[in-house]
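First residue of the sequence shown: 150, per our numbering; consecutive thereafter.
Accompanying notes for the structure given below.
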Amino acid sequence: MKEYFINRREKFIATLPNGCVALLFSGVKKNMSNDLDYPFVVDKNFYYLTGLEEDKLIYMLIKGNDFYKEFLFTEERSKEKELWIGPRMKRHDILEISGLENVYSLNDFDRVLGSYLKSDTQGVFDAIYLNLPKTVDPFNKKVDEYYANKLKEEYPNIYFRSLYNNVCNLRLIKDKLEIENICKAISITKQGICEMMKNAKNCNYEYEVESFYVWTLKQHNTIESFKTICASGVNATILHYEDNNSAFLDDTLILCDLGSLKNNYASDISRTFPKYGKFTDMQKKIYQIVLNCNKEMIKKLKDGYSRREYEEEAANLLAKGLIELGIIKEFDEVFKYYYHSVGHMLGLDVHDVGKFDEFKAGMVVTCEPGLYIPELNIGIRIEDDILITKDGSINLSKDIIKEIDEIEEFMTNC
Ligand SMILES: [Mn+2]
Numbered sequence: 150m151k152e153y154f155i156n157r158r159e160k161f162i163a164t165l166p167n168g169c170v171a172l173l174f175s176g177v178k179k180n181m182s183n184d185l186d187y188p189f190v191v192d193k194n195f196y197y198l199t200g201l202e203e204d205k206l207i208y209m210l211i212k213g214n215d216f217y218k219e220f221l222f223t224e225e226r227s228k229e230k231e232l233w234i235g236p237r238m239k240r241h242d243i244l245e246i247s248g249l250e251n252v253y254s255l256n257d258f259d260r261v262l263g264s265y266l267k268s269d270t271q272g273v274f275d276a277i278y279l280n281l282p283k284t285v286d287p288f289n290k291k292v293d294e295y296y297a298n299k300l301k302e303e304y305p306n307i308y309f310r311s312l313y314n315n316v317c318n319l320r321l322i323k324d325k326l327e328i329e330n331i332c333k334a335i336s337i338t339k340q341g342i343c344e345m346m347k348n349a350k351n352c353n354y355e356y357e358v359e360s361f362y363v364w365t366l367k368q369h370n371t372i373e374s375f376k377t378i379c380a381s382g383v384n385a386t387i388l389h390y391e392d393n394n395s396a397f398l399d400d401t402l403i404l405c406d407l408g409s410l411k412n413n414y415a416s417d418i419s420r421t422f423p424k425y426g427k428f429t430d431m432q433k434k435i436y437q438i439v440l441n442c443n444k445e446m447i448k449k450l451k452d453g454y455s456r457r458e459y460e461e462e463a464a465n466l467l468a469k470g471l472i473e474l475g476i477i478k479e480f481d482e483v484f485k486y487y488y489h490s491v492g493h494m495l496g497l498d499v500h501d502v503g504k505f506d507e508f509k510a511g512m513v514v515t516c517e518p519g520l521y522i523p524e525l526n527i528g529i530r531i532e533d534d535i536l537i538t539k540d541g542s543i544n545l546s547k548d549i550i551k552e553i554d555e556i557e558e559f560m561t562n563c
C-alpha cells in the first residue's frame, strides 16, 4: 500500500523547484459546541500524499539543490488522554501506511524547520510552499493559514507560495488504488439503492426511504459521501434538496442522489424510480430522454474529448428529446428544465479538484443529465461514475439498474 503514497509524493516533489520547503497539515478537529467536536475530516491533499488520516499531523518536505528529505510530525498524547480517547498512531503504523521514516514529535517542528532555514547562510531555501487554495473563507480558516501567518513573521525574507494546485492537478489522474476504492464505494451504494427500491412501496415519507440507504452504509461501516438526496414529486426539481421530509403523493417518482465513502474515496450516483415500481406514460417519456442522453454521453467520453463539448452535446440531446415531445420549441428553452452541468470529477472530493479542458485517461467523471419539470411534478436525474480510458470509457456503476423495464421488474418482484 505505502508504495502508492511514496509514488504520489515522488510526482509531487518533482513539481516543486529546488531550494524550498513544503508543508501540509492533516487538519484539526472543528468544535461543534462546548466539549463536542465534529467528526474529523482529513485534508484531502494531505491524505492523497500520505494515506494518513489523524488530526494534528504535519508533512514537511525539505528540497535542496541535490537532495530532499521528508518528515512527519505527530502530536504526542499523554497517558491520561489515551485513557479517554485512545492511543495515537505509532511510528511503526505511520511508516507502514505512508512510507515516511522520519517521524518526530510536533514539539520538534519549529526546531527542525529552523535548523534548515536559520542555518541557511547560502540562501538555498528561499520559498515555503503551503497547501492553501486561492480563495480562503475568512470564517472557516484552515490550520495552514495559521502557520502561514506565524511563519511569515518568523521568516520575513522567504517567499510564500501555494502548492495546492500542484497536488490537485496530480489528483486528476487516478491510480489503481484510487479506482479500486471508488469501485468499492459504488458497490456499497448499489446495495443501498436496491434496499431503497425494495422498500419504497411501504414508506410514507422520503426520509423513510432514505433510512434504508443509511442503514446499508452502516452495515458496511461507512458513511455518506454527502448528504443523501431523496426527493419525490416536485421536490426532485430542487437540485440539492436535502430535507427529505415530505409525504409521498400517489404515482410519484423518487429521485435519489447519493454516495458513500471507501478509504475517503467517494461514489456519487443518482437513480430515479417510481414509488410503486410502475412509471406513468409521461414519466416514461421524460425518463427515456434522460436515459438516452446518459448512455450517449458515456459512449462519447474518452481520452482527448473536450469538456466544453461534453456539456454542449448533453444539452443538445436533452433539448432534442423535449422538442420531439412537444414540451419545448426552441433549443434554448431546454435550460428552463435542465440547469446544471452534465458531470464533474470524482475522487477524494465528491466534486473533485483539478483544472483541465480535455478528458484524459485515468480521470473519473460523473455523467448525470437530468430534467426537472415542476408543472408535471417530475424531476429525473440519472448519474453514473465513469473512468476515462485511452480509447473510450468504463462505466464503473453499470451494475446499478437504470433501464425502465429493469427497474419495473426489480421493484415488482422484490
Ligand atoms: Mn454528482
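The C-beta atom is built at its ideal place from N, Cα and C for all residues, glycine as well.
Proximity test, residue i beta-carbon vs ligand 1 heavy atom, cut-off 8 Å
i      : result
Thr515 : yes
Val499 : yes
Ser360 : no
His564 : This structure leaves residue 564 out entirely; the chain is present only between 150 and 563.
Ser409 : no
Glu460 : no
Ser546 : no
Asp417 : yes
Glu532 : yes
Asp399 : no
Asp242 : no
Asp293 : no
Asp506 : no
Asp406 : yes
Reduced DSSP category for residue i - H, G, I as helix; E, B as strand; rest coil
i      : result
Asn544 : strand
Leu319 : helix
Ser182 : strand
Phe258 : helix
Leu497 : coil
Ala276 : strand
Pro523 : helix
Lys301 : helix
Gly528 : strand
Thr223 : strand
Ser395 : coil
Ala415 : strand
Asp406 : strand
9 Å Cβ cutoff met for residue i and residue j
i      : j      : result
Glu202 : Asn413 : yes
Ile331 : Ala276 : no
Lys384 : Glu357 : Residue identity check: residue 384 is Asn in the sequence provided, not Lys. Cβ distance not < 9 Å, so Asn384 and Glu357 don't count as in contact.
Arg530 : Asp406 : yes
Ser336 : Asp548 : yes
Leu404 : Cys442 : no
Leu210 : Phe222 : no
Ile556 : Gly492 : no
Pro523 : Thr386 : yes
Val177 : Lys205 : yes
Val261 : Gly213 : no
His369 : Ser409 : yes
Ala396 : Asn353 : yes
Span of the beta strand (DSSP E), counted from its first residue to its last, around residue i
i      : result
Asp533 : 533-538
Tyr253 : 252-254
Gly176 : Segment: none, Gly176 is in no beta strand (DSSP E) and carries neither H nor E.
Leu206 : 206-212
Thr515 : 513-516
Tyr308 : 308-311
Residue i - containing alpha helix (DSSP H), residue span
i      : result
Tyr436 : 430-449
Asn465 : 456-474
Thr561 : 553-562
Asp346 : Correcting the residue identity first, residue 346 is Met in this sequence and not Asp. Start and end: 325-348.
Glu159 : 151-163
Ser381 : From DSSP, Ser381 is part of no alpha helix (DSSP H) but of the beta strand (DSSP E) over 378-381.
Lys193 : 193-199
Ile477 : Here Ile477 belongs to no alpha helix (DSSP H), and DSSP marks it neither H nor E.
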